[in-house]
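Peer 1: The structure under discussion is supplied below as structure tokens; questions concerning it will follow.
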Amino acid sequence: MFLKSSLKADKTTILRTLKNPFYTWVTLFIILGGIIFYAIFLSPPTSFPTEKFTFTIEEGATLSQASSLLKEKGLIRSGPFFKTIVVALKGEDGVRYGEYIFSGKENAWNIARRITEADFGLTPINITIPEGSTVVEMKDIFERHLPKFNSDVFERIAKRDEGYLFPDTHRFLPNATELEVYRAMRNIFDERITSIQDDISASDRDLEDIIIMASLLEREARTTETRKMISGILWKRLEIGMLLQVDAVFEYINGKNTFMLTLKDLQIDSPYNTYKYKGLPKGPIANPGMDSILAAIYPKESPYFYYLSDEDGNIYYSRTFEEHLTKKALYIK
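Structure follows, in structure tokens:
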């Protein structure tokens, strides 16, 4: 009974308060003030374009520069107030550079949110880079999917990191730059390598040697088992100072596969030519996937020193060079 009486009393008090002219005027002033505040500071200016357009914030632009440009283009009413919103959301360094697509008028608060969250107004694209792709092969794939992508620029940026760009299905915005694509692939590689760092350390081999070996395995074999077998054979050849004689390097040197090679090709003077120079080639010949990297870390021991592959991808192993030549005559047409 007491609770019901108390609730009834509170309700009566609230109703009396609302009917009080003073509180009515305060409420009206608050509402009116909010409308005026929105109109002066937050609402889109009359100069805001009504048709779809692109607004670009250059890399390295400061918050002040971005605010001034937005004001100059007629997208916001107040530069200082806009800066205050951005600082409240993400701080002074909250601006994300790039191209922003606008399809209609937007208020200052939404614009501030977008440029602090890199909400470009674009739909990301899934791009699959096959395991074992080279930078040259990658650049052609990206150019087919990204409208503004310059394959030559990407090649200049990425070539030095051949082998260290992780092949996967990557998600990029249509306006992604060559540098952004390169950085994303390199960062994913670093993340994946960090996840197997203990395995690499236990192998007692340098990461560089592992990646070079993995790139050979990626282009020489198709399955986990054959990669491990060939890994064991190639590491064993290195240990005894034997030439690796890997045919796959010639696809990187002159674009020829095993079945196109001539005796003249085998004499090409290149630091990647494993028929001419002992040891691993100068660098990776492709960008290997995790399966090939792990096969390089965990080779399979066997009594074999030789192997060959037919045109169907079948692998034949041999203990001696004579046995290898016999199988070559049988299986390679």
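Every number in my numbering is 83 more than the matching position in the sequence shown, counting from 1.
Ideal placement from N, C-alpha and C gives every residue a C-beta, glycine not left out.
(1) Can you give me the Cβ contacts of P207 inside the same chain, cut-off strictly under 6 Å, excluding the 5 residues immediately before and after it?
(2) Measure the beta-carbon distance from I376 to D393 and round it to whole angstroms, keeping in mind my assumption that it falls under 8 Å.
(3) In the DSSP output, which residue or residues are listed as bridge partners for I208?
(4) In the DSSP assignment, find the unbroken beta strand (DSSP E) run with E303 in it and report its ends.
(5) I need the boundaries of the beta strand (DSSP E) containing T137, first residue and last residue.
(6) Contact between the segment 332-341 and the segment 354-368: three or more CB pairs below 8 Å?
(7) With burial defined as no fewer than 16 other Cβ atoms inside 10 Å of the residue's Cβ, what is the status of R266: buried or exposed?
(8) Hey, how far is the Cα of L248 from the Cα of E303?
(9) With H, G and I counted as helix, E and B as strand and the rest as coil, what does DSSP make of W108?
(10) Taking the alpha-carbon positions, what's the I279 to E200 distance?
(11) Could you name each continuous alpha helix (DSSP H) segment of 4 residues or more that falls completely within the segment 163-222, going from the start of the chain to the end?
(12) Can you check which of these residues, R310, N370, A412, is closest to S385 by C-alpha distance?
(13) May I ask you to report which of helix, strand or coil DSSP gives L326?
(14) On the premise that F165 lies in contact with E182, defined as a C-beta separation below 8 Å, what is that separation, rounded to the nearest angstrom?
(15) Beta strand (DSSP E) containing I398: first to last residue?
(16) Have a look at K319 and L327 and give me their C-alpha separation to the nearest angstrom.
(17) Can you tell me whether N370 is buried or exposed, with buried defined as 16 or more other CB within 10 angstroms of its CB?
(18) Determine contact between the segment 212-229 and the segment 269-286, defined as no fewer than three beta-carbon pairs at a distance below 8 Å.
(19) Can you have a look at K222 and say buried or exposed, based on whether 16 or more other CB atoms are within 10 angstroms of its CB?
(20) Against chain C, does K311 count as a neighbour if the rule is that its beta carbon must be under 9 Å from one of theirs?
(21) Taking three-plus beta-carbon pairs below 8 Å as touching, is the segment 128-139 in contact with the segment 150-162?
(22) In whole angstroms, give me the CA-to-CA distance for E175 and G162.
(23) When you compare only the Cα positions, how much space is there between D287 and D244?
(24) Relative to the C-alpha of K178, which candidate in K410, E406, S147 has its C-alpha closest?
(25) Leaving aside the five residues before and after K339 along the sequence, list all residues of the same chain whose C-beta is less than 8 Å from its C-beta, in chain order.
(26) Roughly how many angstroms lie between the CA atoms of R269 and D235, to the nearest whole one?
(27) Considering only the beta carbon of each residue, do I368 and T217 sit closer than 9 Å?
Peer 2: In short, the structure shows the following:
(1) R254, L256
(2) Actually they are not in contact, since the Cβ atoms of I376 and D393 sit about 26 Å apart, beyond 8 Å.
(3) F255
(4) No beta strand (DSSP E) holds E303; the alpha helix (DSSP H) holding it covers 290-303.
(5) 136-140
(6) yes
(7) exposed
(8) 19 Å
(9) The predicted model places W108 with a pLDDT of 46, which falls under 50 and marks its position as unreliable, so this point remains unresolved.
(10) 32 Å
(11) 191-200
(12) R310
(13) coil
(14) Their Cβ separation, rounded to whole angstroms, is 19 Å, which puts E182 and F165 out of contact at 8 Å.
(15) 398-401
(16) 9 Å
(17) buried
(18) no
(19) buried
(20) You won't find chain C in this structure, because it holds only one protein chain.
(21) yes
(22) 14 Å
(23) 23 Å
(24) Checking the sequence shown, residue 178 turns out to be Val, not Lys. Closest option to V178, Cα to Cα, is S147.
(25) F333, D348
(26) 18 Å
(27) yes
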